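Peer 1: First the structure, then my questions, so here it is.
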Amino acid sequence: MTTRTGSTVAIIGPGAIGTAVAAALHEVGHTPLLCGRSSRDSLTLLDGDRRIVVPGPVRTDPAASADTVDLVFLAVKTTQTEAAAAWLTALSGPETVVCVLQNGVEQVESVAPHAPSGRVVPAVVWFPAQAQADGSVRLRGEPRLSLPDTATARVVAEVLQDTRCAVDLAADFNTLAWRKLLQNAVAGLMVLTHRRAGMFGRADIAGLAVAYLRECLAVARAEGADLGDEVAQAIVEKFQAYPADMGTSILTDREAGRPLEWEIRNGVIARRARQHGIPTPISDVVLPLLAAASDGPG
Numbered sequence: 006m007t008t009r010t011g012s013t014v015a016i017i018g019p020g021a022i023g024t025a026v027a028a029a030l031h032e033v034g035h036t037p038l039l040c041g042r043s044s045r046d047s048l049t050l051l052d053g054d055r056r057i058v059v060p061g062p063v064r065t066d067p068a069a070s071a072d073t074v075d076l077v078f079l080a081v082k083t084t085q086t087e088a089a090a091a092w093l094t095a096l097s098g099p100e101t102v103v104c105v106l107q108n109g110v111e112q113v114e115s116v117a118p119h120a121p122s123g124r125v126v127p128a129v130v131w132f133p134a135q136a137q138a139d140g141s142v143r144l145r146g147e148p149r150l151s152l153p154d155t156a157t158a159r160v161v162a163e164v165l166q167d168t169r170c171a172v173d174l175a176a177d178f179n180t181l182a183w184r185k186l187l188q189n190a191v192a193g194l195m196v197l198t199h200r201r202a203g204m205f206g207r208a209d210i211a212g213l214a215v216a217y218l219r220e221c222l223a224v225a226r227a228e229g230a231d232l233g234d235e236v237a238q239a240i241v242e243k244f245q246a247y248p249a250d251m252g253t254s255i256l257t258d259r260e261a262g263r264p265l266e267w268e269i270r271n272g273v274i275a276r277r278a279r280q281h282g283i284p285t286p287i288s289d290v291v292l293p294l295l296a297a298a299s300d301g302p303g
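Quick note: the sequence shown uses this note's numbering, first residue 6, plus one each step.
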């Protein structure tokens, strides 16, 4: 679909984050093309008392897509990137920008092989959005993205200008990406306890979380992130300030019996740590437990 900038936009993966971005565009009259695994007539975003319905349909056949678009938002989980490759091929032309709305610090490396004709832009998603039992999505924060300050990323910022989804163009994107990765990594503890944000109110869990984050922080710094000692405590305090029932996408996947994004949220930290010779005793316990949880029951 065409935006006010004249750019055509598609969203691959109309889940929680994809629905939030689609709603932001639809509100200002720029309804995107919706692409996914399951056909749906529309998407619904709940924001407080507001209900925003984004008209579909959600298209399910990449082979039926005749035209490439100027901008693709890739909003599938990293565990689903390979399955979305046909959509990336169908929608990407030589000048197509692919904005990756996924977790992790390896977005470009993981997506570029599936979008050889596109220009890949990594993003940090700073807002929580949760899928509801009825298929709608509940927005639980102001939508905001951080992108690297590049000419390609400015294409994304232009399209989202004047929408509810704010965009920051960051000179030090690496630091922001690692800070978000640390937040995602400690959320993995919620999978191992089957608990939501309320668990961080326990002194023992808060202490474990801070210790794990300090371990992760050493790796982030070795990777060039400019993060101070206060970051570990600040992240835990952020979880403590959330509503007690606030979940996370990796916990939602665990509850639904789906494969977990443990490798790009937690495994990458241990992997990079080995490259730098940094010991990770807490990761060495957390990782096999998350991997086993991802395998499913039995």
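We treat Cβ as the ideally placed atom computed from N, Cα and C, and that holds for glycine. Note that the structure is predicted; figures quoted are calculated from it, not measured.
#1: Three or more beta-carbon pairs under 8 angstroms between the region 72-91 and the region 43-52, yes or no?
#2: Based on DSSP bridge pairs, tell me the residues matched to residue 16.
#3: Check whether the region 267-285 touches the region 232-240, taking contact to mean three or more Cβ pairs, one atom from each stretch, closer than 8 angstroms.
#4: Where DSSP assigns a beta bridge to residue 52, which residues make up the other side?
#5: Within a Cβ cutoff of 6 angstroms, which residues of the same chain sit near residue 278, ignoring the five residues on either side of it in sequence?
#6: Nearest to residue 20 by CA position, among 33, 34, 69 and 83, is which residue?
#7: Assuming residue 254 is part of the alpha helix (DSSP H), what are its boundary residues?
#8: Please state whether the Cβ-Cβ distance between residue 142 and residue 24 is less than 9 angstroms.
#9: Can you give me the C-alpha to C-alpha distance between residue 97 and residue 123, rounded to a whole angstrom?
#10: Between the beta-carbon of residue 149 and the beta-carbon of residue 134, is there less than 9 angstroms?
#11: Measuring alpha carbon to alpha carbon, tell me which of 292, 250 and 70 ends up nearest residue 266.
#12: Would the region 25-44 and the region 65-80 be scored as touching if the rule is three or more Cβ pairs under 8 angstroms?
#13: Looking only at its own chain, which residues have a Cβ that is under 7 angstroms from the Cβ of residue 247, when we skip the five neighbours before and after it?
#14: How many whole angstroms separate the CB atoms of residue 104 and residue 138, which I take to be in contact at a CB cut-off of 8 angstroms?
#15: On a CA-only basis, which of 193, 262, 275 and 258 is nearest residue 241? Give me that one, please.
#16: Based on the DSSP secondary-structure assignment, which residues constitute the bridge partners of residue 173?
#17: Put residue 123 into one of helix, strand or coil per three-state DSSP.
#18: Go through the region 260-303 residue by residue and report every complete run of the alpha helix (DSSP H) that reaches 4 residues or more, in order.
#19: Express the C-alpha separation of residue 188 and residue 227 in angstroms, rounding to a whole number.
#20: Output yes if chain D places a C-beta closer than 9 angstroms to the C-beta of residue 283; else output no.
#21: Just to confirm the assignment, what range does the alpha helix (DSSP H) spanning residue 197 have?
#22: Determine the closest residue to residue 218 out of 199, 208, 204 and 239, with distance taken between C-alpha atoms.
#23: Indicate the three-state DSSP secondary structure (helix, strand or coil) for residue 100 in the structure shown.
#24: Using DSSP with H/G/I as helix, E/B as strand and the rest coil, what is residue 60?
#25: Using only alpha-carbon positions, find the residue among 158, 253, 95 and 51 that is nearest to residue 71.
#26: Applying the 10 Å Cβ sphere with the 16-neighbour rule, what's the burial state of residue 58?
#27: What does the alpha-carbon distance come out to for the pair residue 26 and residue 11?
#28: I need the straight-line Cα distance from residue 107 to residue 208, nearest angstrom please.
#29: Cα separation between residue 52 and residue 74?
#30: Output the boundary residues of the alpha helix (DSSP H) element that contains residue 30.
Peer 2: Checking against the coordinates, here is how it stands:
#1: no
#2: As a first step, residue 16 must be located in the sequence shown, where it is residue number 11. For residue 16, which the question treats as bridged, DSSP gives the partners 39 and 78.
#3: no
#4: Indexing the sequence shown from 1 puts residue 52 at position 47. 55.
#5: Looking up residue 278 in the sequence shown gives position 273. The answer, listed in chain order, is 224 and 285.
#6: The residue labelled residue 20 in the question sits at position 15 within the sequence shown. For residue 20, the nearest C-alpha among the options comes from 83.
#7: By 1-based counting over the sequence shown, the position of residue 254 is 249. Residues 254-260.
#8: Position 137 of the sequence shown holds residue 142. Position 19 of the sequence shown holds residue 24. For residue 142 and residue 24, yes; Cβs fall inside 9 angstroms.
#9: On the sequence shown, residue 97 is found 92 positions in, with the first residue counted as 1. On the sequence shown, residue 123 is found 118 positions in, with the first residue counted as 1. If I take the Cα positions, the gap works out to 6 angstroms.
#10: Residue mapping note: residue 149 aligns to position 144 of the sequence shown, counting from 1. Residue mapping note: residue 134 aligns to position 129 of the sequence shown, counting from 1. Result no, Cβ atoms of residue 149 and residue 134 do not sit closer than 9 angstroms.
#11: Locating residue 266 in the sequence shown gives position 261, counting from the first residue. Taking only the C-alpha atoms, the option nearest residue 266 is 292.
#12: yes
#13: On the sequence shown, residue 247 is found 242 positions in, with the first residue counted as 1. For residue 247, where only same-chain residues beyond five positions count, the Cβ hits under 7 angstroms are 202.
#14: Residue mapping note: residue 104 aligns to position 99 of the sequence shown, counting from 1. Residue mapping note: residue 138 aligns to position 133 of the sequence shown, counting from 1. Going by Cβ atoms, the distance from residue 104 to residue 138 rounds to 29 angstroms, so no, they are not a contact pair.
#15: Sequence index remark: in the sequence shown, residue 241 carries index 236 (1-based). Minimum Cα distance to residue 241 is reached at 193.
#16: What you label residue 173 is simply residue 168 of the sequence shown in a count that begins at 1. 151.
#17: The residue labelled residue 123 in the question sits at position 118 within the sequence shown. Coil at residue 123, not helix or strand.
#18: 273-281 and 286-300
#19: Here residue 227 refers to the residue found at position 222 when the sequence shown is read from its first residue. Here residue 188 refers to the residue found at position 183 when the sequence shown is read from its first residue. When rounded, the distance between both Cα atoms is 17 angstroms.
#20: Of the protein chains in this structure there is only one, and it is not chain D.
#21: By 1-based counting over the sequence shown, the position of residue 197 is 192. Here the alpha helix (DSSP H) through residue 197 covers 178-198.
#22: Working through the sequence shown from its first residue, we reach residue 218 at position 213. The option with the nearest alpha carbon to residue 218 is 239.
#23: Here residue 100 is taken as the residue at index 95 of the sequence shown, counted from 1. Residue state, collapsed to three classes: strand.
#24: As a position in the sequence shown, residue 60 is number 55, starting the count at 1. If DSSP states are grouped into helix, strand and coil, residue 60 belongs with the strands.
#25: Within the sequence shown, numbered from 1, the residue matching residue 71 stands at position 66. If we check each option's Cα against that of residue 71, 95 comes out closest.
#26: Counting from 1 along the sequence shown, the entry for residue 58 is found at position 53. So residue 58 ends up on the exposed side.
#27: Numbered from its first residue, the sequence shown carries residue 26 at position 21. Numbered from its first residue, the sequence shown carries residue 11 at position 6. Taking the straight line from one Cα to the other gives about 18 angstroms.
#28: Taking the sequence shown and counting its residues from 1, the one referred to as residue 107 is at position 102. Taking the sequence shown and counting its residues from 1, the one referred to as residue 208 is at position 203. Their backbone Cα atoms lie some 31 angstroms apart in a straight line.
#29: The residue labelled residue 52 in the question sits at position 47 within the sequence shown. The residue labelled residue 74 in the question sits at position 69 within the sequence shown. Going by the C-alpha atoms only, they are around 29 angstroms apart.
#30: Stepping through the sequence shown from its first residue, residue 30 is reached at position 25. Unbroken alpha helix (DSSP H) run through residue 30: 21-32.
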